[in-house]
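Using our numbering, the first residue of the sequence shown is number 1112, and each one after it goes up by one. See structure below.
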Amino acid sequence: MNTVLLENNENDIVTATELIRQGKVVGVPTETVYGLCADARNEEAVRAVFSAKGRPADNPLIVHLADFSQAELYTSYIPELAYRLAEKFCPGALTMILPKNDIIPLITSGGLDTVGIRVPSHPVMHRIIELSGCPIAAPSANISGLPSPTCAEHVMRDMNGRISAVINGGNSKYGVESTVISFDSENTVRILRPGAVTKEMLSEICNDVIIDPAILNELAEGTKAASPGMKYKHYSPEANVVMVESSLQDFVNFVNRNNGNKVYSLIFDGDEKFFPYNYLTYGSDSHEQAHLIFQRLRELDDIGAEKVYVRAPSTDGVGLAVYNRLIRAAGFEVIKL
Ligand code: TXA
Ligand code: MG
């Protein structure tokens, strides 16, 4: 299959929309990361998404809508709290897990009786949903297990020959995927995947916000995952990644003792002044780190890193999302000094 690179203009967006309406798969920019878009109701199209990614069939796809009011078309129940959250965070980087109805096929929901609903704010993604009239299933546009794509070039690299087209919409604004939440009760939400909509922001609308333990800790064997995505190794470059929680001085000493030819470190902007070994930097605050993290994980592969020591980020605000992606890239291997 020839994968066409489309531009961010109305003509090309119409072309992409037509492809999606025909049951094809298109890579599209969103404010979080790029997604692989297909009509969520079309089983064959959704199957093509799973196959392009090499994604396990039990890992459900998020359904993207132009407006939260459309959630009523695809779900069987929406708690009042969901409407209040939507008022504040839709459009935006929030995915709410709700009971699905029969219009969303089981293949889209990975066999679950729930569906993740998100209303993206990116104008290209929004226009595609609007023009197509389809609920759009869209997982991140990477090969399953690799870092999520934050620019069209990343999508092309993973998906060239596997999907019909990619729209080039520049770099994703946030750089980490949406915050995924479920409702434990009418008044309690549970964060299943942290993202740009932070615990602190959710707490402004809802007093009870639980961080699912699987966000920071490996699932114990035999435990059922609240979200299937928690089960799988994720965001991993080829290199063996290890997270190191320490002061800069201890980090420098640690790398000095464990240095080698293909050893690289991922450090904060500013650390490099004190760092005489191979490194890449990934920003100096949580927003910059979110913006850069997936790109840096890909770059580490490009330079042939075999071992990567990462200075652990702060877990405040969107930092929790960065920490979560890194600890999963590290397969939960953390060294505390
Ligand atoms: O920002 C995003 O969410 C991006 C853009 C493209 O919208 N999409 C994305 O999709 O990250 P994906 O498929 O890569 O990640 C979706 C995550 C997975 O971990 C999946 O297990 C979880 O959300 N999820 C989806 N539907 C679910 C459901 N019904 N119940 C529990 N978890 C669900
Ligand atoms: Mg993904």
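Note that the Cβ used here is the ideal one computed from N, Cα and C, for glycine as well.
Would you say the beta carbon of residue i comes nearer than 7 angstroms to a heavy atom of the ligand TXA?
{"i": "Pro1231", "result": "yes"}
{"i": "Val1291", "result": "yes"}
{"i": "Ile1274", "result": "no"}
{"i": "Leu1205", "result": "no"}
{"i": "Pro1250", "result": "yes"}
{"i": "Ile1173", "result": "yes"}
{"i": "Leu1217", "result": "no"}
{"i": "Gly1222", "result": "no"}
{"i": "Arg1238", "result": "no"}
Would DSSP call residue i helix, strand or coil?
{"i": "Leu1242", "result": "helix"}
{"i": "Ile1292", "result": "strand"}
{"i": "Leu1147", "result": "strand"}
{"i": "Asn1279", "result": "coil"}
{"i": "Ser1187", "result": "coil"}
{"i": "Gly1429", "result": "The question names Gly, but residue 1429 in the sequence shown is Val. Three-state result, Val1429: coil."}
{"i": "Asp1380", "result": "coil"}
{"i": "Thr1114", "result": "coil"}
{"i": "Glu1121", "result": "helix"}
{"i": "Ile1438", "result": "helix"}
{"i": "Leu1411", "result": "helix"}
{"i": "Glu1356", "result": "strand"}
{"i": "Asn1328", "result": "coil"}
{"i": "Leu1176", "result": "coil"}
{"i": "Gly1340", "result": "helix"}
{"i": "Asp1316", "result": "First, the amino acid is wrong: residue 1316 is Ile here, not Asp. DSSP places Ile1316 in coil when its eight states are reduced to three."}
Within its chain, find whatever has a CB closer than 6 angstroms to the CB of residue i; leave out the 5 residues flanking it on each side and keep chain order.
{"i": "Gly1280", "result": "Asn1119, Pro1140, Val1235"}
{"i": "Asp1382", "result": "Leu1359"}
{"i": "Pro1179", "result": "Looking at the sequence shown, residue 1179 is not Pro but Phe. Result list for Phe1179: Ala1197, Cys1201, Val1230, in chain order."}
{"i": "Asn1153", "result": "Gly1134"}
{"i": "Asn1389", "result": "Tyr1375"}
{"i": "His1402", "result": "Gly1286"}
Once you ignore the five residues that flank residue i on each side, which residues in its own chain have a CB closer than 7 angstroms to its CB?
{"i": "Ser1220", "result": "Pro1171, Lys1211, Val1226"}
{"i": "Ser1397", "result": "Pro1424, Ser1425, Asp1427, Gly1428, Val1429, Gly1430, Val1433"}
{"i": "Asp1224", "result": "Pro1210, Lys1211"}
{"i": "Ala1311", "result": "For the record, residue 1311 in the displayed sequence is Glu; it is not Ala. Counting only Cβ-Cβ distances below 7 angstroms, and skipping sequence neighbours, we find Gly1428."}
{"i": "Val1363", "result": "Phe1385, Phe1386"}
{"i": "Leu1408", "result": "Pro1258, Tyr1346, Pro1348, Ala1440"}
{"i": "Glu1142", "result": "Ala1204, Pro1231, Ser1232, His1233, Ser1283, Lys1284, Tyr1285"}
Cutting at 8 angstroms between CB atoms, please list the residues of its own chain near residue i, excluding the five before and the five after it.
{"i": "Ala1441", "result": "Val1352, Val1353, Met1354, Val1421"}
{"i": "Glu1183", "result": "Ile1189"}
{"i": "Ser1314", "result": "Val1320"}
{"i": "His1237", "result": "Ala1177, Pro1202, Pro1231"}
{"i": "Ile1062", "result": "Past the boundaries of the shown model lies residue 1062; the chain is included only from 1112 to 1448, so the question cannot be answered."}
{"i": "Asp1269", "result": "Ala1252, Asn1253, Ile1254, Leu1257, Pro1260"}
Less than 8 angstroms separating the beta-carbons of residue i and residue j?
{"i": "Ala1248", "j": "Val1160", "result": "yes"}
{"i": "Ile1292", "j": "Ile1302", "result": "yes"}
{"i": "Pro1348", "j": "Leu1391", "result": "no"}
{"i": "Thr1290", "j": "Ile1228", "result": "no"}
{"i": "Ala1350", "j": "Lys1342", "result": "no"}
{"i": "Thr1114", "j": "Asn1271", "result": "yes"}
{"i": "Val1287", "j": "Arg1166", "result": "no"}
{"i": "Ala1263", "j": "Leu1116", "result": "yes"}
{"i": "Tyr1393", "j": "Thr1261", "result": "no"}
{"i": "Asp1380", "j": "Ser1395", "result": "yes"}
{"i": "Cys1148", "j": "Val1137", "result": "yes"}
{"i": "Arg1304", "j": "Ser1338", "result": "yes"}
{"i": "Ala1151", "j": "Val1174", "result": "yes"}
{"i": "Leu1377", "j": "Val1419", "result": "yes"}
{"i": "Ala1163", "j": "Ile1326", "result": "no"}
{"i": "Ile1239", "j": "Thr1128", "result": "yes"}
{"i": "Ser1357", "j": "Leu1448", "result": "yes"}
Cβ of residue i versus every heavy atom of the ligand MG: is any distance shorter than 7 angstroms?
{"i": "Glu1288", "result": "yes"}
{"i": "Ser1162", "result": "no"}
{"i": "Ser1395", "result": "no"}
{"i": "Pro1387", "result": "no"}
{"i": "Pro1210", "result": "no"}
{"i": "Ser1259", "result": "yes"}
Any beta strand (DSSP E) of 3 or more consecutive residues that is wholly inside the stretch 1204 to 1256: Counting only runs that start and end inside the stretch 1204 to 1256, the beta strand (DSSP E) elements of at least 3 residues fall at 1205 to 1210, 1225 to 1229.
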